[in-house]
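Mapping to full-length UniProt numbering: the sequence shown position 9 is 9, numbers consecutive. From the three backbone atoms N, C-alpha and C, an ideal C-beta is built for every residue, glycine too. Treat the numbers as computed from the prediction; the structure is a model and nothing was measured. Structure record follows, encoded as structure tokens.
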Amino acid sequence: MASTTCTRFTDEYNLYEELGKGAFSIVKRCMRISSGQEYAAKIINTKKLSARDHQKLEREARICRLLKHPNIVRLHDSISEEGFHYLVFDLVTGGELFEDIVAREYYSEADASQCIQQILESVNHCHQSGIVHRDMKSLHSADPRGRAPLPPDGRGPPRPEA
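Quick look at the structure:
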């Protein structure tokens, strides 16, 4: 279960190559030392964040903890240290869905239908949990098993109750 802990990230994980980068964060492949299991670590430089950005980070971690679904990238750990916050997610290695679509040149109706069904099931799970994703696009990752997992970035705040 994902939890915010007082342990040092480097006591639990080894970091490897960069997988992606944003304005305030970088994503790197990491490995849990105790198990050898690989993950993706979103490393946020909290020294550069405003108070509002800190609140957004806390909200993102809280929302990610709520979402447990086979087609949603899962948050496994959340570690806060001086100047940095680490969010440890499932590692998805299949590349971008858009690149897969272009590389194939042809997507069968069955493949496209399966992919769309997985995405819609993920979005439905978010909505049933009172969460709006806010960042749907064809650039999201596809994994080697043919799943189209919904990434953690861009999840919106819980919807207001009616």
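Where does residue i sit, in a helix, a strand or coil, going by DSSP?
{"i": "residue 12", "result": "helix"}
{"i": "residue 162", "result": "Note that residue 162 scores a pLDDT of 35, beneath 50, so its modelled location is shaky and nothing firm can be said."}
{"i": "residue 45", "result": "strand"}
{"i": "residue 62", "result": "helix"}
{"i": "residue 73", "result": "coil"}
{"i": "residue 17", "result": "strand"}
{"i": "residue 84", "result": "strand"}
{"i": "residue 109", "result": "helix"}
{"i": "residue 28", "result": "strand"}
{"i": "residue 40", "result": "strand"}
{"i": "residue 122", "result": "helix"}
{"i": "residue 116", "result": "helix"}
Look at residue i and residue j and say whether their C-beta atoms are less than 9 Å apart.
{"i": "residue 76", "j": "residue 46", "result": "no"}
{"i": "residue 48", "j": "residue 27", "result": "no"}
{"i": "residue 125", "j": "residue 69", "result": "yes"}
{"i": "residue 89", "j": "residue 16", "result": "no"}
{"i": "residue 131", "j": "residue 87", "result": "no"}
Go ahead and label residue i buried or exposed: buried means 16 or more other beta carbons lie within 10 angstroms of its beta carbon, across all protein chains shown.
{"i": "residue 118", "result": "buried"}
{"i": "residue 133", "result": "buried"}
{"i": "residue 11", "result": "exposed"}
{"i": "residue 110", "result": "exposed"}
{"i": "residue 112", "result": "exposed"}
{"i": "residue 106", "result": "exposed"}
{"i": "residue 20", "result": "exposed"}
Are there three or more Cβ pairs, one per stretch, closer than 8 Å when the segment 52-62 is compared with the segment 98-115?
Here the segment 52-62 does not lie against the segment 98-115, with fewer than 3 beta-carbon pairs under 8 Å apart.
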